[in-house]
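Peer 1: Just so we're aligned, residue -13 is where the sequence shown starts under my numbering, counting upward by one.
First the structure, which I've put down as structure tokens, then a few questions once you've had a look.
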Amino acid sequence: MFALKVSLGLVSLLLLITGVYFIVLARRTLKSGQYPPPGMRVIRDTKLRTGNEVKKVALSLIILSCMLIILAFFYLYFPWAFEKTIGQKKHGKMKLNGKVVIITGVGRGLGEASAISLSGAVIGANQGDSRLMRS
């Protein structure tokens, strides 16, 4: 779980940095009235866009940056929610005294072991041959 948190934290940091950079780029593009803005390094000769094209490029950059920032916060939230959900599914912390639990397909193995671990509950278990075992 620690490795998942660290890796998603790193991914979210990179997404957040990229999103902020795109917002800054969109601001510079709108302010200068051209894309690419003056002083921006490009890999190859790029057609200079002005007028309505600049507004479309800037709006696209803002929308993309918002999506990246939202995704970054999701990646920060996901490990916490995942760990919380997994923690709730452990049988040892559930209080089942006086409750009825029905387990289907018990047979032998994991199903039988989980039925035994649910101590304190009235267990109805389907053995797989249409018999209902009750303990």
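Positions of the beta carbon are idealized from the N, C-alpha and C atoms, including for glycine.
Within this structure, are the beta carbons of LEU50 and GLY(-5) separated by less than 9 Å?
Peer 2: As a working note, residue 50 is residue 64 in the sequence shown. As a working note, residue -5 is residue 9 in the sequence shown. No, the Cβ-Cβ distance between LEU50 and GLY(-5) is not below 9 Å.
Peer 1: Output the boundary residues of the alpha helix (DSSP H) element that contains LYS17.
Peer 2: Your numbering for residue 17 matches position 31 in the sequence shown. Start and end: -12 to 18.
Peer 1: Please state the DSSP three-state secondary structure of THR36.
Peer 2: Locating residue 36 in the sequence shown gives position 50, counting from the first residue. Reduced to three states, the DSSP call for THR36 is strand.
Peer 1: Just to confirm, are PHE68 and LEU(-10) a CB contact at a threshold of 9 Å?
Peer 2: Taking the sequence shown and counting its residues from 1, one reaches residue 68 at position 82. Taking the sequence shown and counting its residues from 1, one reaches residue -10 at position 4. Yes, the Cβ-Cβ distance between PHE68 and LEU(-10) is below 9 Å.
Peer 1: To the nearest angstrom, report how far apart ILE22 and LEU45 are at their CA atoms.
Peer 2: As a first step, residue 22 must be located in the sequence shown, where it is residue number 36. As a first step, residue 45 must be located in the sequence shown, where it is residue number 59. Strictly speaking, residue 22 in this sequence is Pro, with Ile absent from that position. Computed Cα separation, rounded: 14 Å.
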